[in-house]
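Participant: With the numbering used here, you'll find the sequence shown wraps up at 218, consecutive numbering, no jumps. Yeah, the Cβ is synthetic: ideal placement off N, Cα and C, and Gly gets one too. Model, not experiment: these values are computed from the prediction. Below is a structure I'd like to ask you about.
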Amino acid sequence: MEAEAKLAEAEAKVAEAEAKAAEAEAKAAEVDAKGTQVGSGSTTEEAEALRGKLAAAEEASEKMRKAASHWKAQHGKLKEQLDAALAAAPADTTETSTNTAETSTSTAETSTTTAELEAAKASLEAELLVVRARVAALEIESQAALEAKAAAVSEAREAAAAEAREAAASETRVATEAAAASAAEAEEFRGKLAAAEEAADKMRKAASQWKA
7 MEAEAKLAEA EAKVAEAEAK AAEAEAKAAE VDAKGTQVGS GSTTEEAEAL
57 RGKLAAAEEA SEKMRKAASH WKAQHGKLKE QLDAALAAAP ADTTETSTNT
107 AETSTSTAET STTTAELEAA KASLEAELLV VRARVAALEI ESQAALEAKA
157 AAVSEAREAA AAEAREAAAS ETRVATEAAA ASAAEAEEFR GKLAAAEEAA
207 DKMRKAASQW KA
């Protein structure tokens, strides 16, 4: 019964390892998508390093999944042997002891493999943490670059608007000065014309007087 309990526990751990492997693969795909989006604002070396990390994580996930599948099959065989041993009545003590020893050995191997799977899972999770941290850093760098670019564009637009306002004010001043100069010239011309007409009138009157 103790061997059966250990077997059940080992099978549960393998199932958990399989689930973790699937989850890790999904996270790796998600991180890969994020890395692709952020990569446009990052250097080629950083993007290449990120892809290397993702490839390593996916490879570790695949190895864990294969190991879990292999040992799941071994667990099935072990369970069949254990069920057969429990169902059959032992003919003698020696055979029973031998079967018990074989079962204990298989259980020990299963425990060792489960520990290896746990270690592989921990290694994969650590790799994914590193990748996620790098992606987060790249996202921050990209956001900072976008904000700096937006600030530069806004500053350039403001400078262009200021230049346009200055040009409009200058044109207004020139037009005002030109209008004032034209008005002064017109007034001066009218004054000269009035003086000439007055002089001509005086001359006509004088000529008429001397003619009489």
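#1: Report the rounded CA-to-CA distance for residue 167 versus residue 180, giving the unit in angstroms.
#2: Quick check on this structure: which residue in 127, 202 and 216 has the alpha carbon closest to the alpha carbon of residue 68?
#3: To the nearest angstrom, report how far apart residue 193 and residue 184 are at their CA atoms.
#4: Just the Cα atoms here: how many angstroms apart are residue 208 and residue 199?
#5: Taking all protein chains shown into account, do 16 or more other C-beta atoms lie within 10 angstroms of the C-beta of residue 178, making it buried, or fewer, making it exposed?
#6: From residue 188 to residue 204, what distance separates their C-alpha atoms?
#7: Under a Cβ-count criterion, where at least 16 other Cβ atoms within 10 Å of its own Cβ denotes burial, should residue 152 be classed as buried or exposed?
#8: Which value, in whole angstroms, describes the spacing of the CA atoms of residue 215 and residue 186?
Facilitator: The short version:
#1: 20 angstroms
#2: The candidate whose alpha carbon is nearest that of residue 68 is 127.
#3: Inter-residue distance for residue 193 and residue 184 is about 14 angstroms (C-alpha atoms, whole angstroms).
#4: Cα to Cα, residue 208 sits roughly 14 angstroms from residue 199.
#5: Burial call: exposed.
#6: Roughly 24 angstroms separates the two Cα atoms.
#7: exposed
#8: 44 angstroms
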